[in-house]
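Residues in the sequence shown are numbered consecutively from 1048, following my numbering.
The C-beta atom is built at its ideal place from N, Cα and C for all residues, glycine as well.
On a predicted model such as this, the values are computed, not experimentally measured, just so you know.
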Amino acid sequence: MDLITRLKNLRETDELEFKYQLRNLLKKSMTENLDAFRSVVNDFKREVIYDSFFFIDIINEALLYFFYKNEGNPRVIKTIMSLIHVIAPVGDKDTLELIGTILKRIPTHSADYPVLMNYFGEIEHKISFLEQKISKLKLYPQKPMLMEWYD
């Protein structure tokens, strides 16, 4: 029985152990290659979306890593875009930074540019709405200690 099948069986019996094992599988597949990572995300797309708070950090980190490692490779950009379509609706401030980084580095005439701009605007709107609704909540990144000292 392969690992994916065992994880699907574990999902039925022990949800917390399943999440822990899936998180570890995502980390492991991140070290292999982008296609392995994408296949894990696609196999467990429902869980990644519904429990995004548990997996979003790993996915953001992996996409940024693969983007920097293979910058300029159109096949990799296409694969990263397919994964962004999965995580953008449930993205957080780190997803916003990831999309912003990609937007700065791809050409504006690219077919993916308007899609990324749309996702960037949606996530930014969601974050600003939450910050307005909850007055003490600030989701923007904290300044480094050196910057606070300098200010």
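Assigned with DSSP and collapsed to three states, residue 1168 falls in helix. Counting along the chain, residue 1121 sits inside the alpha helix (DSSP H) bounded by residues 1121-1134.
In this structure, the straight-line span from the alpha carbon of residue 1092 to that of residue 1179 is close to 31 Å. By the Cβ neighbour-count rule, residue 1134 is buried, with 16 or more other Cβ atoms within 10 Å of its own. Your pair residue 1137 and residue 1103 checks out as a contact, with CB atoms roughly 7 Å apart and the cut at 8 Å.
Shown here, residue 1154 sits in coil according to DSSP, grouped into three states, outside any helix or strand.
For residue 1090, the uninterrupted alpha helix (DSSP H) segment begins and ends at 1081-1090. An exposed status is given to residue 1177, since fewer than 16 other beta-carbon atoms sit within 10 Å of its beta-carbon. Rounded to whole angstroms, the separation of the alpha carbons of residue 1083 and residue 1160 is 25 Å. Closest in alpha carbon position to residue 1146, among 1094, 1114, 1073, is 1114. Counting every other CB atom within 10 Å of its CB across the protein chains shown gives residue 1170 a total of 16 or more, marking it as buried. Taken through DSSP and simplified to helix, strand or coil, residue 1138 comes out as coil. The Cβ atoms of residue 1085 and residue 1118 lie no closer than 8 Å to each other. Going by DSSP, residue 1107 is part of the alpha helix (DSSP H) stretching over 1099-1116. With 16 or more other Cβ atoms from the protein chains shown falling within 10 Å of its own Cβ, residue 1107 counts as buried. CA-CA distance, residue 1069 to residue 1140, rounds to 23 Å.
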